[in-house]
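J.: Chains as they are written, first to last, in our numbering: chain A, 2 to 158; chain B, 2 to 158. Glycine included, every Cβ here is placed at the ideal spot set by N, Cα and C. This is the structure I want to talk about, given as C-alpha cells.
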DNA sequence: GTCATTTCTTGATGTACATCAATGCATAGG
DNA sequence: CCTATGCATTGATGTACATCAAGAAATGAC
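If you want it as C-alpha cells, here you go:
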C-alpha cells in the first residue's frame, strides 16, 4: 500500500497492461475508461474521495481500462494480491455490485434524459467537477445529446 | 441452504420484495429481469448450471429484479446472511464483477450486431435453450432487431 | 495580455434501432 | 385432432440519438 500523488492528467494505467492495480482515492478524482475501435472514449467509472478504482480484469490477462486523474489526486495504491490477503471489505464489494447492477439496468431501459436525471441525483457533486462531455461519456451519449437534454430540462421549470 | 425444485415458469422472487434470497443453480436455467414503466422486460442475467443468481439490492430496501425458472430447475436457496457467515467465495465475486464490467462496456460501446456476436461466443449453450426474444431482451434490443441482425450474419457466409 | 485549445451549444442531416402491423409456424392444452 | 397461444420473421414507418459542421465562450499556456 503505497501513497502517491497524481497530478491532474496523469495516466495511472493503460489498456492492455497485465498487472492492474487497485487505487483507493484519498482526495481528488480519478476516472476509468475504454477507447473503442473508432477512437471514442467511454467512461466506465468516476472515482471521487473514498472510492476504490480498479479494472476488474481476469488474473494474468490484459486489462481493458485506462485510469487517469481528472484532478490532482492523492491515492493509495495496492496490488490485488495485497488487498486479498488483507481480507477485502465485503460490504464495499456488495455495494459495488449494487452500483453496477443499477448501471446495467439503467443502460438497458432508460432514455438519455432519464439517465441524466438519475446521474445528477446520484452524483450531484461530480457534475460540478468534470466537463459535461465526460458526463455524456459516462451516460453513453454524445456531448451534443447531453446539451440538448439539459436544455429541455431547464426549459421545463 | 434449502434445496428446492422449481418447475418451468415458477416465479421465485418479485420486484419490490425486501428479503431477497440467493439462488445457486444445480441444474436447469433461471433468469432475472426487470419490467420498466412501459411494461417492457429487460433480462439482467441468465443463470445456468452452477450460477449464483441474486438481486444485488441494498439491505432492507425493495429489490428490483424478478427471478423465475426458464426450465425445470433444481436450486439451493440461501439467505444473504447465511452466505456471508459461510464466508463467500471471493474468486466467484471477482468473476462476477468482471462479467458485469464487460457487460457495461459492451452496452456503452457496441452495436446490436457486435453484442449478439459476443453473446453467442460467450454463451453458446444458452442461445439454444431460450427463445430468441429473451436473447434480444438480454442484449437490450427488440426481437425484430435481433431477427434482422441474424439475417445479415447468415447472409454473409 | 494574447493566442491556442478545449468546451459547450446550435442547426442540419443521417442512421440504427424501435414501433406497429401482418403473416406463417410451432407448440401446448383440452 | 383442432384450436389457442407464443414465437419468429418481414415490411412500412417513426424516432431518439449520432454525426458533421460552425461558432461562441471558457480555460490554459506562455
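Taking Cβ to Cβ, would you say residue 73 (chain B) is nearer than 8 Å to residue 17 (chain B)?
T.: Along the second chain, one-based indexing puts residue 73 (chain B) at 72. Along the second chain, one-based indexing puts residue 17 (chain B) at 16. No; because the gap between Cβ atoms is not below 8 Å, this pair is not in contact.
J.: Which residue marks the beginning of the alpha helix (DSSP H) containing residue 83 (chain B), and which one marks its end?
T.: Here residue 83 (chain B) refers to the residue found at position 82 when the second chain is read from its first residue. Looking at the DSSP string, the run of the alpha helix (DSSP H) that includes residue 83 (chain B) is 81-86.
J.: Measure the alpha-carbon distance for residue 149 (chain A) versus residue 112 (chain A) and round it to whole angstroms.
T.: Counting from one through the first chain, the residue named residue 149 (chain A) turns up at place 148. Counting from one through the first chain, the residue named residue 112 (chain A) turns up at place 111. Taking the straight line joining both Cα atoms gives about 13 Å.
J.: In the stretch 32-47 of chain A, which residues sit with their C-beta less than 8 Å from some C-beta in chain B, listed in chain order?
T.: Per Cβ criterion, the list reads 35, 37, 41, 43 and 45.
J.: Closer than 8 Å is the cut-off here; do at least three beta carbon pairs connect the stretch 94-110 of chain A with the stretch 23-41 of chain A?
T.: No, the stretch 94-110 of chain A does not touch the stretch 23-41 of chain A.
J.: Exposed or buried, which one is residue 25 (chain B) when buried takes at least 16 other CB atoms within 10 Å?
T.: Locating residue 25 (chain B) in the second chain gives position 24, counting from the first residue. Buried, because 16 or more other Cβ atoms sit within 10 Å of the Cβ of residue 25 (chain B).
J.: With a cut-off of 8 Å, does the C-beta of residue 109 (chain B) fall near any C-beta of chain A?
T.: Residue numbering aside, residue 109 (chain B) sits at position 108 when the second chain is read from its first letter. Yes, its Cβ sits closer than 8 Å to a Cβ of chain A.
J.: With distances taken between CB atoms, is the gap from residue 64 (chain B) to residue 99 (chain A) smaller than 8 Å?
T.: Along the second chain, one-based indexing puts residue 64 (chain B) at 63. Along the first chain, one-based indexing puts residue 99 (chain A) at 98. For residue 64 (chain B) and residue 99 (chain A), no; Cβs fall outside 8 Å.
J.: Near residue 102 (chain B), what residues of its chain come up, given a Cβ to Cβ distance below 6 Å and the 5 sequence neighbours on each side ignored?
T.: Indexing the second chain from 1 puts residue 102 (chain B) at position 101. Once the five neighbours on either side are set aside, residue 102 (chain B) has no close Cβ partner at all.
J.: Determine, for residue 68 (chain A), whether the minimum Cβ-Cβ distance to residues of chain B falls below 8 Å.
T.: Looking up residue 68 (chain A) in the first chain gives position 67. No, because no Cβ of chain B sits closer than 8 Å to the Cβ of residue 68 (chain A).
J.: When you compare the CB of residue 59 (chain A) with every CB in chain B, is at least one pair closer than 8 Å?
T.: Residue 59 (chain A) sits at position 58 when you count from the first residue of the first chain. So yes, residue 59 (chain A) belongs to the interface.
J.: Could you tell me which of B:124, B:131 and B:141 sits nearest to residue 109 (chain B), measuring between CA atoms?
T.: Indexing the second chain from 1 puts residue 109 (chain B) at position 108. Checking every option, the nearest Cα to that of residue 109 (chain B) belongs to B:141.
J.: Could you tell me the distance, in whole angstroms, from the CA atom of residue 158 (chain B) to the CA atom of residue 152 (chain B)?
T.: Residue numbering aside, residue 158 (chain B) sits at position 157 when the second chain is read from its first letter. Residue numbering aside, residue 152 (chain B) sits at position 151 when the second chain is read from its first letter. Confidence at residue 158 (chain B) is low in this model, with a pLDDT of 47, below 50, so its placement is unreliable and the value that follows should be read with caution. Rounded to the nearest angstrom, the two C-alpha atoms are 11 Å apart.
J.: With DSSP as the reference, identify every bridge partner of residue 24 (chain B), one or two as the case may be.
T.: Along the second chain, read from residue 1 onward, the residue named residue 24 (chain B) stands at position 23. Residue 24 (chain B) pairs with B:54 and B:78.
J.: Taking the alpha carbon of residue 15 (chain B) as the reference point, which residue from B:123, B:90, B:66 and B:104 has its own alpha carbon closest?
T.: Against the second chain, residue 15 (chain B) aligns to sequence position 14. Minimum Cα distance to residue 15 (chain B) is reached at B:66.
J.: I need the DSSP call for residue 106 (chain A), collapsed to helix, strand or coil.
T.: As a working mapping, residue 106 (chain A) is identified with position 105 in the first chain. Helix, per DSSP.
J.: May I have the straight-line CA-CA distance separating residue 55 (chain A) from residue 23 (chain A), to the nearest angstrom?
T.: In the first chain, counting from the first residue as 1, residue 55 (chain A) sits at position 54. In the first chain, counting from the first residue as 1, residue 23 (chain A) sits at position 22. For residue 55 (chain A) and residue 23 (chain A), the distance between alpha carbons rounds to 5 Å.
J.: Please decide whether residue 132 (chain A) counts as near chain B, where near means a Cβ-Cβ distance under 8 Å.
T.: What you label residue 132 (chain A) is simply residue 131 of the first chain in a count that begins at 1. With 8 Å as the cut-off, residue 132 (chain A) does not count as an interface residue toward chain B.
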